[in-house]
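> Position 194, counted from 1, in the sequence shown is what the working numbering calls 194; the numbers after and before it change by one each time, with no gaps.
C-beta: ideal position from N, C-alpha, C; glycine also.
A quick note: this is a predicted structure, and the numbers were derived from the prediction, not measured.
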Amino acid sequence: MKKVCIIGSGSWGSALAIHAAKMGHEVKIWSFSEEERDLINKEHKCKFLPMATMPENIVCTTDIGEAVKESDMILHVTPSKFTRETLKKYKMYVENQPIILCSKGFEASTLYTLNEVVHEELPNAKIGVFTGPSHAEEVSLGIPTAIVIASQSLDVQYLVQDTFMNENLRIYTSSDVKGAELGGALKNIIAFCAGIIAELNMGDNTFAALITRGLTEISRLGVALGGNHNTFYGLSGLGDLIVTCLSEHSRNRKAGRCIGRGLTIEETKKEVGMTIESIDNIEVAYKLAQKYNIEMPIVNTVYDVLYNGLKPKEAVTLLMTRDKKCE
1 MKKVCIIGSG SWGSALAIHA AKMGHEVKIW SFSEEERDLI NKEHKCKFLP
51 MATMPENIVC TTDIGEAVKE SDMILHVTPS KFTRETLKKY KMYVENQPII
101 LCSKGFEAST LYTLNEVVHE ELPNAKIGVF TGPSHAEEVS LGIPTAIVIA
151 SQSLDVQYLV QDTFMNENLR IYTSSDVKGA ELGGALKNII AFCAGIIAEL
201 NMGDNTFAAL ITRGLTEISR LGVALGGNHN TFYGLSGLGD LIVTCLSEHS
251 RNRKAGRCIG RGLTIEETKK EVGMTIESID NIEVAYKLAQ KYNIEMPIVN
301 TVYDVLYNGL KPKEAVTLLM TRDKKCE
(Lines of atoms letter the chains of each structure in order from A and count residues from 1; the text may use other names and numbers.)
(Lines give C-alpha, C1' and ligand atoms only; values in the text may rest on other atoms or scores of the structure.)
Protein backbone atom coordinates (compact mmCIF):
# COMPACT_ATOMS: atom_id res chain seq x y z
CA MET A 1 0.00 0.00 0.00
CA LYS A 2 1.16 3.54 -0.82
CA LYS A 3 1.17 6.85 1.01
CA VAL A 4 -0.67 9.21 -1.34
CA CYS A 5 -0.53 12.99 -0.91
CA ILE A 6 -3.26 15.00 -2.63
CA ILE A 7 -2.78 18.75 -2.97
CA GLY A 8 -6.27 20.22 -3.21
CA SER A 9 -9.59 19.31 -1.59
CA GLY A 10 -11.92 20.17 -4.47
CA SER A 11 -14.14 17.70 -6.28
CA TRP A 12 -11.44 15.93 -8.33
CA GLY A 13 -8.89 15.79 -5.53
CA SER A 14 -11.53 14.38 -3.18
CA ALA A 15 -12.71 11.84 -5.78
CA LEU A 16 -9.16 10.58 -6.26
CA ALA A 17 -8.74 10.43 -2.49
CA ILE A 18 -11.90 8.34 -2.14
CA HIS A 19 -10.75 5.97 -4.87
CA ALA A 20 -7.26 5.56 -3.40
CA ALA A 21 -8.57 5.09 0.14
CA LYS A 22 -11.02 2.40 -0.97
CA MET A 23 -8.05 0.55 -2.47
CA GLY A 24 -6.42 0.59 0.96
CA HIS A 25 -3.85 3.35 0.47
CA GLU A 26 -3.00 5.87 3.19
CA VAL A 27 -4.28 9.23 1.93
CA LYS A 28 -3.49 12.74 3.12
CA ILE A 29 -5.23 15.72 1.52
CA TRP A 30 -3.94 19.25 1.82
CA SER A 31 -6.62 21.95 1.86
CA PHE A 32 -6.24 25.71 2.19
CA SER A 33 -9.65 25.76 3.89
CA GLU A 34 -10.15 24.88 7.55
CA GLU A 35 -13.86 24.46 6.82
CA GLU A 36 -13.19 21.82 4.16
CA ARG A 37 -10.59 20.14 6.39
CA ASP A 38 -13.06 19.82 9.25
CA LEU A 39 -15.86 18.60 6.99
CA ILE A 40 -13.63 15.81 5.65
CA ASN A 41 -12.13 14.80 9.00
CA LYS A 42 -15.24 15.06 11.17
CA GLU A 43 -18.13 14.27 8.84
CA HIS A 44 -16.27 12.34 6.09
CA LYS A 45 -17.91 14.48 3.43
CA CYS A 46 -16.78 16.72 0.56
CA LYS A 47 -19.04 19.70 -0.07
CA PHE A 48 -18.51 19.35 -3.83
CA LEU A 49 -19.50 15.64 -3.85
CA PRO A 50 -22.72 15.42 -1.84
CA MET A 51 -23.47 11.82 -2.90
CA ALA A 52 -20.10 10.44 -1.77
CA THR A 53 -18.68 9.44 1.62
CA MET A 54 -14.99 9.92 2.42
CA PRO A 55 -13.44 6.71 3.87
CA GLU A 56 -11.93 6.99 7.35
CA ASN A 57 -8.38 6.33 6.09
CA ILE A 58 -8.39 9.82 4.54
CA VAL A 59 -6.86 12.60 6.63
CA CYS A 60 -7.14 16.25 5.60
CA THR A 61 -4.71 18.89 6.84
CA THR A 62 -4.03 22.58 6.27
CA ASP A 63 -0.30 21.94 6.93
CA ILE A 64 1.15 21.39 3.46
CA GLY A 65 4.46 20.06 4.79
CA GLU A 66 2.63 17.44 6.84
CA ALA A 67 0.76 16.31 3.73
CA VAL A 68 3.84 16.01 1.51
CA LYS A 69 6.44 14.54 3.89
CA GLU A 70 7.06 10.79 3.61
CA SER A 71 4.54 10.38 0.78
CA ASP A 72 5.18 8.02 -2.12
CA MET A 73 3.63 10.38 -4.67
CA ILE A 74 2.04 13.82 -4.86
CA LEU A 75 -1.17 14.35 -6.80
CA HIS A 76 -1.40 18.06 -7.59
CA VAL A 77 -5.07 18.97 -8.02
CA THR A 78 -5.38 22.74 -7.60
CA PRO A 79 -6.90 25.13 -10.15
CA SER A 80 -4.33 25.80 -12.89
CA LYS A 81 -3.88 29.47 -11.99
CA PHE A 82 -2.71 28.47 -8.50
CA THR A 83 -0.26 25.76 -9.62
CA ARG A 84 2.97 27.76 -9.29
CA GLU A 85 1.88 29.57 -6.12
CA THR A 86 0.96 26.29 -4.41
CA LEU A 87 4.04 24.47 -5.68
CA LYS A 88 6.24 27.12 -4.11
CA LYS A 89 4.63 26.30 -0.75
CA TYR A 90 5.62 22.64 -0.79
CA LYS A 91 8.57 22.19 -3.17
CA MET A 92 11.06 22.28 -0.30
CA TYR A 93 9.47 19.10 1.07
CA VAL A 94 9.70 17.16 -2.19
CA GLU A 95 12.34 14.42 -2.17
CA ASN A 96 12.13 11.64 -4.75
CA GLN A 97 8.38 11.31 -4.99
CA PRO A 98 6.86 12.11 -8.40
CA ILE A 99 4.48 15.01 -8.90
CA ILE A 100 1.36 13.90 -10.75
CA LEU A 101 -0.58 16.76 -12.34
CA CYS A 102 -4.32 16.19 -12.21
CA SER A 103 -5.41 19.73 -13.16
CA LYS A 104 -6.22 20.75 -16.73
CA GLY A 105 -5.18 24.16 -17.95
CA PHE A 106 -2.40 26.68 -18.50
CA GLU A 107 -0.55 29.37 -16.63
CA ALA A 108 -2.03 32.47 -18.27
CA SER A 109 0.87 34.86 -17.62
CA THR A 110 3.48 32.65 -19.34
CA LEU A 111 1.27 30.54 -21.66
CA TYR A 112 2.99 27.51 -20.07
CA THR A 113 1.42 24.10 -19.65
CA LEU A 114 1.43 22.94 -16.02
CA ASN A 115 4.20 20.45 -16.74
CA GLU A 116 6.37 23.37 -17.84
CA VAL A 117 5.52 25.27 -14.64
CA VAL A 118 6.58 22.34 -12.45
CA HIS A 119 9.74 21.76 -14.48
CA GLU A 120 10.73 25.41 -14.09
CA GLU A 121 10.22 25.32 -10.32
CA LEU A 122 11.64 21.80 -9.78
CA PRO A 123 13.92 20.94 -12.73
CA ASN A 124 14.79 17.48 -11.39
CA ALA A 125 11.28 16.41 -10.45
CA LYS A 126 9.70 13.31 -11.91
CA ILE A 127 6.42 14.48 -13.44
CA GLY A 128 3.28 12.76 -14.66
CA VAL A 129 -0.04 13.93 -16.10
CA PHE A 130 -3.19 12.07 -15.00
CA THR A 131 -6.01 12.93 -17.39
CA GLY A 132 -8.95 11.69 -19.43
CA PRO A 133 -12.77 11.52 -19.43
CA SER A 134 -13.37 11.41 -15.70
CA HIS A 135 -16.10 13.37 -13.93
CA ALA A 136 -15.29 13.50 -10.23
CA GLU A 137 -18.91 12.78 -9.32
CA GLU A 138 -18.77 9.43 -11.10
CA VAL A 139 -15.27 8.37 -9.98
CA SER A 140 -16.23 9.06 -6.36
CA LEU A 141 -19.14 6.61 -6.73
CA GLY A 142 -17.07 3.88 -8.40
CA ILE A 143 -18.61 4.20 -11.86
CA PRO A 144 -16.31 2.51 -14.44
CA THR A 145 -13.87 5.04 -15.93
CA ALA A 146 -10.79 4.87 -18.18
CA ILE A 147 -8.01 7.46 -18.02
CA VAL A 148 -4.34 7.97 -18.91
CA ILE A 149 -1.12 8.51 -16.99
CA ALA A 150 1.42 10.25 -19.23
CA SER A 151 5.06 10.59 -18.20
CA GLN A 152 8.53 10.50 -19.70
CA SER A 153 9.40 8.10 -16.86
CA LEU A 154 8.27 4.49 -17.18
CA ASP A 155 8.63 4.16 -13.41
CA VAL A 156 6.08 6.94 -12.91
CA GLN A 157 3.70 5.41 -15.46
CA TYR A 158 3.80 2.01 -13.74
CA LEU A 159 3.64 3.46 -10.21
CA VAL A 160 0.41 5.34 -10.94
CA GLN A 161 -1.07 2.47 -12.92
CA ASP A 162 -0.30 -0.07 -10.18
CA THR A 163 -1.48 2.25 -7.39
CA PHE A 164 -4.84 3.31 -8.82
CA MET A 165 -6.00 0.72 -11.34
CA ASN A 166 -8.84 -1.61 -10.36
CA GLU A 167 -12.16 -2.83 -11.74
CA ASN A 168 -13.61 0.68 -11.54
CA LEU A 169 -10.68 2.70 -12.87
CA ARG A 170 -8.78 1.45 -15.91
CA ILE A 171 -5.51 3.30 -16.48
CA TYR A 172 -3.55 3.40 -19.74
CA THR A 173 0.04 4.64 -19.99
CA SER A 174 1.56 7.15 -22.41
CA SER A 175 4.85 8.96 -22.89
CA ASP A 176 3.21 11.94 -24.64
CA VAL A 177 3.05 14.38 -21.73
CA LYS A 178 2.51 17.42 -23.94
CA GLY A 179 -0.31 15.85 -25.93
CA ALA A 180 -2.08 14.54 -22.82
CA GLU A 181 -1.86 17.94 -21.14
CA LEU A 182 -3.07 19.89 -24.15
CA GLY A 183 -5.98 17.58 -24.86
CA GLY A 184 -7.22 18.03 -21.31
CA ALA A 185 -6.76 21.80 -21.28
CA LEU A 186 -8.08 22.68 -24.73
CA LYS A 187 -11.21 20.50 -24.60
CA ASN A 188 -12.57 22.80 -21.87
CA ILE A 189 -12.93 25.52 -24.50
CA ILE A 190 -15.04 23.32 -26.77
CA ALA A 191 -17.15 22.23 -23.78
CA PHE A 192 -17.77 25.89 -23.01
CA CYS A 193 -18.97 26.34 -26.59
CA ALA A 194 -21.17 23.25 -26.19
CA GLY A 195 -22.88 24.98 -23.29
CA ILE A 196 -23.58 28.02 -25.44
CA ILE A 197 -25.16 26.00 -28.24
CA ALA A 198 -27.18 23.99 -25.71
CA GLU A 199 -28.56 27.25 -24.32
CA LEU A 200 -29.38 28.37 -27.86
CA ASN A 201 -31.43 25.14 -28.30
CA MET A 202 -29.42 23.88 -31.24
CA GLY A 203 -29.54 20.23 -32.21
CA ASP A 204 -27.48 17.06 -32.40
CA ASN A 205 -26.11 18.07 -35.80
CA THR A 206 -24.65 21.23 -34.26
CA PHE A 207 -23.07 19.32 -31.37
CA ALA A 208 -21.50 16.83 -33.78
CA ALA A 209 -20.09 19.64 -35.90
CA LEU A 210 -18.71 21.43 -32.83
CA ILE A 211 -17.03 18.34 -31.38
CA THR A 212 -15.55 17.25 -34.71
CA ARG A 213 -14.26 20.64 -35.81
CA GLY A 214 -13.26 21.45 -32.25
CA LEU A 215 -11.09 18.34 -32.15
CA THR A 216 -9.47 19.47 -35.40
CA GLU A 217 -8.52 22.78 -33.79
CA ILE A 218 -7.26 21.09 -30.61
CA SER A 219 -5.03 18.73 -32.58
CA ARG A 220 -3.70 21.53 -34.82
CA LEU A 221 -2.50 23.57 -31.89
CA GLY A 222 -1.48 20.52 -29.88
CA VAL A 223 0.80 19.20 -32.61
CA ALA A 224 2.30 22.66 -33.13
CA LEU A 225 3.17 22.72 -29.42
CA GLY A 226 4.82 19.29 -29.53
CA GLY A 227 2.02 16.77 -28.93
CA ASN A 228 1.54 13.55 -30.90
CA HIS A 229 -1.36 13.73 -33.36
CA ASN A 230 -2.72 10.31 -32.31
CA THR A 231 -2.95 11.37 -28.66
CA PHE A 232 -5.73 13.80 -29.48
CA TYR A 233 -7.88 10.94 -30.77
CA GLY A 234 -7.49 8.92 -27.56
CA LEU A 235 -8.87 9.18 -24.03
CA SER A 236 -7.07 12.41 -23.14
CA GLY A 237 -8.32 14.11 -26.30
CA LEU A 238 -11.49 12.83 -27.95
CA GLY A 239 -12.60 10.91 -24.87
CA ASP A 240 -12.34 13.90 -22.57
CA LEU A 241 -13.92 16.12 -25.21
CA ILE A 242 -17.01 13.90 -25.51
CA VAL A 243 -17.65 13.60 -21.78
CA THR A 244 -17.15 17.30 -21.11
CA CYS A 245 -19.24 18.53 -24.04
CA LEU A 246 -22.23 16.27 -23.48
CA SER A 247 -22.59 16.03 -19.71
CA GLU A 248 -24.40 18.31 -17.30
CA HIS A 249 -21.69 17.42 -14.74
CA SER A 250 -19.34 19.69 -16.73
CA ARG A 251 -18.81 23.07 -15.09
CA ASN A 252 -17.33 24.36 -18.37
CA ARG A 253 -20.49 23.45 -20.26
CA LYS A 254 -22.55 25.02 -17.46
CA ALA A 255 -20.49 28.20 -17.78
CA GLY A 256 -21.17 28.28 -21.53
CA ARG A 257 -24.88 28.00 -20.85
CA CYS A 258 -24.65 31.01 -18.55
CA ILE A 259 -22.93 33.07 -21.24
CA GLY A 260 -25.45 31.80 -23.79
CA ARG A 261 -28.30 33.29 -21.79
CA GLY A 262 -26.56 36.63 -21.43
CA LEU A 263 -24.74 36.54 -18.10
CA THR A 264 -21.41 38.34 -17.71
CA ILE A 265 -18.19 36.50 -16.91
CA GLU A 266 -18.39 37.53 -13.25
CA GLU A 267 -22.05 36.50 -12.99
CA THR A 268 -21.14 33.17 -14.59
CA LYS A 269 -18.34 32.50 -12.10
CA LYS A 270 -20.69 33.26 -9.23
CA GLU A 271 -23.42 30.95 -10.54
CA VAL A 272 -21.09 28.01 -11.28
CA GLY A 273 -19.43 28.36 -7.87
CA MET A 274 -16.29 26.41 -8.78
CA THR A 275 -13.20 27.06 -10.87
CA ILE A 276 -14.01 27.45 -14.59
CA GLU A 277 -10.80 26.55 -16.41
CA SER A 278 -12.28 27.23 -19.85
CA ILE A 279 -12.61 30.99 -19.41
CA ASP A 280 -8.89 31.38 -18.69
CA ASN A 281 -7.98 28.73 -21.26
CA ILE A 282 -9.82 30.56 -24.05
CA GLU A 283 -7.58 33.60 -23.66
CA VAL A 284 -4.44 31.45 -23.56
CA ALA A 285 -5.44 29.38 -26.59
CA TYR A 286 -6.26 32.55 -28.52
CA LYS A 287 -2.78 33.95 -27.78
CA LEU A 288 -1.07 30.65 -28.62
CA ALA A 289 -2.94 30.44 -31.95
CA GLN A 290 -1.73 33.95 -32.81
CA LYS A 291 1.82 33.15 -31.71
CA TYR A 292 2.09 29.96 -33.77
CA ASN A 293 -0.14 31.15 -36.64
CA ILE A 294 -2.63 28.30 -36.19
CA GLU A 295 -6.10 28.57 -37.72
CA MET A 296 -8.61 28.19 -34.84
CA PRO A 297 -11.93 29.76 -35.89
CA ILE A 298 -13.94 28.33 -32.98
CA VAL A 299 -11.44 29.61 -30.42
CA ASN A 300 -11.23 33.01 -32.10
CA THR A 301 -15.00 33.34 -32.25
CA VAL A 302 -15.67 32.37 -28.63
CA TYR A 303 -12.89 34.76 -27.60
CA ASP A 304 -14.85 37.52 -29.32
CA VAL A 305 -18.01 36.43 -27.50
CA LEU A 306 -16.26 36.72 -24.13
CA TYR A 307 -14.13 39.78 -24.66
CA ASN A 308 -15.37 41.75 -27.67
CA GLY A 309 -19.14 41.76 -27.25
CA LEU A 310 -20.02 39.32 -30.05
CA LYS A 311 -23.50 37.84 -29.52
CA PRO A 312 -23.59 34.01 -29.31
CA LYS A 313 -26.14 33.65 -32.14
CA GLU A 314 -24.06 35.92 -34.34
CA ALA A 315 -21.00 33.81 -33.51
CA VAL A 316 -22.71 30.68 -34.83
CA THR A 317 -23.66 32.47 -38.05
CA LEU A 318 -20.08 33.72 -38.52
CA LEU A 319 -18.70 30.19 -38.15
CA MET A 320 -21.28 28.71 -40.54
CA THR A 321 -20.66 31.31 -43.25
CA ARG A 322 -16.86 31.22 -43.33
CA ASP A 323 -15.11 30.69 -46.68
CA LYS A 324 -15.52 27.30 -48.33
CA LYS A 325 -13.03 24.71 -47.14
CA CYS A 326 -11.87 21.16 -47.84
CA GLU A 327 -11.97 18.88 -44.79
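Compute the distance between the beta-carbons of residue 250 and residue 191, then report whether it is under 8 Å.
yes
> Can you tell which of 306, 214, 255 has the C-alpha that lies nearest to the C-alpha of residue 295?
214
> Using a threshold of 8 Å, state whether the C-beta atoms of residue 87 and residue 36 are closer than that.
The Cβ-Cβ distance between residue 87 and residue 36 does not fall below 8 Å.
> Looking only at its own chain, which residues have a Cβ that is under 6 Å from the Cβ of residue 341, when we skip the five neighbours before and after it?
For the chain, the structure presents residues 1 to 327; residue 341 sits outside this window and is missing.
> Figure out for me which residue from 321, 50, 159, 165 has the closest Cα to the Cα of residue 147.
165
> What residues are listed by DSSP as bridge partners for residue 170?
146
> Round the Cβ separation of residue 174 and residue 49 to the nearest angstrom and send it over; I've been treating them as touching at under 8 Å.
About 27 Å; that fails the 8 Å criterion.
> With burial defined as no fewer than 16 other Cβ atoms inside 10 Å of the residue's Cβ, what is the status of residue 97: buried or exposed?
buried
> For residue 42, count neighbouring C-beta atoms within 10 Å of its own C-beta (all shown protein chains included) and say buried if the count is 16 or more, exposed if not.
Using a 10 angstroms sphere on the CB of residue 42, the tally of other CB atoms stays under 16, which defines it as exposed.
> Report the three-state DSSP secondary structure of residue 77 (helix, strand or coil).
coil
> From the DSSP secondary-structure annotation, give me the bridge partner or partners of residue 30.
In the DSSP output, where bridge partners are listed per residue, residue 30 has 7, 61.
> Under a three-way DSSP split, which group does residue 103 fall into?
Here DSSP, grouped into helix, strand and coil, assigns residue 103 to coil.
> Buried or exposed: residue 180, going by 16 or more other Cβ atoms within 10 Å of its Cβ?
buried
> At what residue ranges does the region 259–323 contain a whole run of the alpha helix (DSSP H), taking only runs of 4 or more?
265–272, 277–292, 297–307, 312–320
> Which value, in whole angstroms, describes the spacing of the CA atoms of residue 339 and residue 312?
Residue 339 is absent from the structure shown; the chain starts at 1 and stops at 327.
> On a Cα-Cα basis, can you pick out the residue from 305, 34, 149 that is closest to residue 103?
149
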